[in-house]
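With our numbering applied, the sequence shown covers 1 to 311.
Each remark here refers to the structure printed beneath this line.
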Amino acid sequence: MTTVRPVRRADRLTGEEIAAVLAVADASAAADGVFPLAEDTVLAVRHTPDEPTESGAARAHLLSFAEDGLAGYACLDRSDPAAPAGELVVHPRHRRGGHGTALLAAAAAEVAAGATLSVWAHGDGAGARAFAEGAGFARARVLWQMRRPLTEPLPEVPLPAGVTVRHFRPGFDDELWLRLNARAFADHPEQGRWTEADLRLRMAEPWFEPEGFLLAVDVGDTLMGFHWTKVHPATGDVPRMGEIYVLGVDPDVHQRGLGAALSVAGLQHLALHGVQQAMLYVDESNAAAVALYRRLGFTVFAADVGYQKIV
């Protein structure tokens with residue numbers, strides 16, 4: 001029988017705890033076929049602390065232990081106190097032992113009364129759905145992963161007149177890009193809040209390459225849009241995967257076809273570097289973006305689901 005111990009909260013994780021959290025996530029991925037933590041959470045695990053909020057550290061790390069070590073982990077992002085969001089994972093060996101329930105209760109205890117707590121499940125699995133609904137959470141947001149082969153021809157989509165594409169220049173374009181990113185994603189609950197620290201964390205990752213970070217500029221070098229690509233390394237039998245990591249256009253130049261042109265430019269960059277498959281994430285409710293990606297040959301491959309509850 002599994003004995004559930006009290007959940008421990010931490011603003012920082014030790015090196016040993018970081019390794020244990022990632023090991024639990026890897027075990028879950030091996031059992032379920034989908035990695036249970038988003039990139040933001042993995043970065044928060046590996047690089048703490050985050051920017052503080054009025055109530056303390058922006059992220060709370062919650063750990064649930066069994067006799068043989070770490071059994072489950074949850075990460076709660078409280079950078080928006082009214083709409084905190086989290087993820088949790090339980091080692092397959094310790095599921096149905098109360099760890100998930102204890103972690104969810106600990107996460108709820110971290111937020112203010114009346115806040116809308118979101119918990120993300122990667123993969124639209126029946127087990128996660130039953131667990132969330134049993135705890136009083138309702139399906140509220142769906143993030144689609146879409147894919148298309150790059151071995152098939154890409155459409156020809158020219159850049160608007162007077163617009164050219166150049167590469168991102170680290171240390172020179174950082175502030176300009178952050179300002180445009182905030183404008184382009186002003187209504188996005190995660191992307192629009194990126195800070196210099198968020199950008200630098202990703203620039204320090206092994207996958208980052210400025211050549212794959214494309215910026216659309218006018219004749220005066222004013223930044224109008226961007227397509228940041230990412231290449232995921234091959235794992236096992238799965239070959240390298242290219243990603244439309246972040247695609248954004250200045251709201252002042254919408255309806256000029258720049259988003260489609262930048263999409264194709266980034267996909268061409270990936271194809272020229274030998275990447276044979278591309279992916280992206282998009283909100284199911286973002287009808288304009290979904291329509292664009294469908295026109296470019298993408299189809300839905302998987303879904304992540306956000307469940308919400310007022311606590």
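From the three backbone atoms N, C-alpha and C, an ideal C-beta is built for every residue, glycine too.
Quick one: measure Cβ to Cβ for residue 117 and residue 103, integer angstroms, because I've assumed they're closer than 8 Å.
Start at 1 with the first residue of the sequence shown, and residue 117 comes out as number 117. Start at 1 with the first residue of the sequence shown, and residue 103 comes out as number 103. That belief does not hold up - the Cβ atoms of residue 117 and residue 103 are roughly 12 Å apart, past 8 Å.
Under a three-way DSSP split, which group does residue 198 fall into?
Within the sequence shown, residue 198 is the residue found at index 198, counting from 1. Correct three-state label for residue 198: helix.
Considering only DSSP beta bridges, list what residue 228 is partnered with.
To locate residue 228, count along the sequence shown from 1; it is residue 228. Answer is 213, 246, bridged to residue 228.
Just to confirm the assignment: which complete beta strand (DSSP E) runs, minimum length 3, are found wholly within the stretch 13 to 84?
The qualifying runs are 59 to 66, 69 to 77.
Less than 7 Å between C-beta atoms, sequence neighbours within five positions excluded: which residues of the same chain meet that for residue 164?
Here residue 164 refers to the residue found at position 164 of the sequence shown. Answer for residue 164: 217, listed in chain order.
List the residues that DSSP assigns as beta-bridge partners of residue 300.
As a first step, residue 300 is located in the sequence shown; it is residue number 300 there, counting from the start. In DSSP, residue 300 forms a bridge with 146.
Distance, Cα to Cα, residue 112 vs residue 81?
For this step, residue 112 is matched to residue 112 along the sequence shown. For this step, residue 81 is matched to residue 81 along the sequence shown. Whole-angstrom Cα-Cα distance: 7 Å.
If you compare alpha carbons, which of 91, 40, 274 is closest to residue 24?
Along the sequence shown, one-based indexing puts residue 24 at 24. The residue with the shortest Cα to Cα distance from residue 24 is 91.
For residue 140, does the count of other Cβ atoms within 10 angstroms reach 16, so buried, or fall short, so exposed?
Along the sequence shown, read from residue 1 onward, the residue named residue 140 stands at position 140. By the 10 Å Cβ count, residue 140 comes out exposed.
Would you report the Cα separation of residue 311 and residue 114, rounded to the nearest angstrom?
Position 311 of the sequence shown holds residue 311. Position 114 of the sequence shown holds residue 114. Computed Cα separation, rounded: 5 Å.
Quick check on this structure: which residue in 169, 205, 184, 187 has the alpha carbon closest to the alpha carbon of residue 221?
In the sequence shown, the residue the question calls residue 221 occupies position 221. If we check each option's Cα against that of residue 221, 169 comes out closest.
With DSSP collapsed to three states, give me the class of residue 86.
In the sequence shown, residue 86 corresponds to position 86, counting from 1. If DSSP states are grouped into helix, strand and coil, residue 86 belongs with the strands.
Mind checking which residues open and close the alpha helix (DSSP H) that includes residue 269?
The count along the sequence shown starts at 1 and reaches residue 269 at position 269. Counting along the chain, the alpha helix (DSSP H) containing residue 269 begins and ends at 258 to 272.
At least one CB of chain C closer than 7 Å to the CB of residue 161: is that the case?
In the structure shown, chain C cannot be found, because there is only a single protein chain.
Check this for me: beta carbons of residue 212 and residue 249, under 7 Å apart or not?
Translated into positions along the sequence shown, residue 212 becomes position 212. Translated into positions along the sequence shown, residue 249 becomes position 249. No, the Cβ-Cβ distance between residue 212 and residue 249 is not below 7 Å.
In its own chain, which residues sit with a C-beta less than 7 Å from the C-beta of residue 50, not counting the 5 before and 5 after it?
As a working note, residue 50 is residue 50 in the sequence shown. Residue placement at residue 50 is flagged as unreliable, the pLDDT there being 48, under the threshold of 50; the coordinate-derived value follows with that caveat. Hits under 7 Å: 44, 57, 58, 59.
Under 7 Å, do residue 93 and residue 84 count as touching if we go by C-beta distance?
Along the sequence shown, read from residue 1 onward, the residue named residue 93 stands at position 93. Along the sequence shown, read from residue 1 onward, the residue named residue 84 stands at position 84. Going by C-beta atoms, residue 93 is not nearer than 7 Å to residue 84.
Just mark residue 67 as buried or exposed, buried being the case when its beta carbon has 16 or more other beta carbons within 10 Å.
The residue you call residue 67 lines up with position 67 of the sequence shown. Exposed, by the Cβ-count rule.
CB-CB under 6 Å to residue 142, same chain, minus the five flanking residues each way: which ones, in chain order?
Translated into the one-based positions of the sequence shown, residue 142 becomes position 142. Closer than 6 Å at Cβ, skipping near neighbours: 284, 303, 305.
Helix, strand or coil for residue 120? Go by DSSP, reduced to three states.
Translated into positions along the sequence shown, residue 120 becomes position 120. In this structure, residue 120 counts as strand in the three-state DSSP scheme.
Check this for me: beta carbons of residue 146 and residue 35, under 7 Å apart or not?
Taking the first residue of the sequence shown as position 1, residue 146 is located at position 146. Taking the first residue of the sequence shown as position 1, residue 35 is located at position 35. Not a contact, by the Cβ cut-off of 7 Å.
Decide if the stretch 263 to 271 is in contact with the stretch 223 to 241; the criterion is three or more beta carbon pairs, one per stretch, under 8 Å apart.
Yes, the stretch 263 to 271 is in contact with the stretch 223 to 241.
Return the bridge partner residues of residue 283 from the DSSP annotation.
Here residue 283 is taken as the residue at index 283 of the sequence shown, counted from 1. Partner(s): 143.
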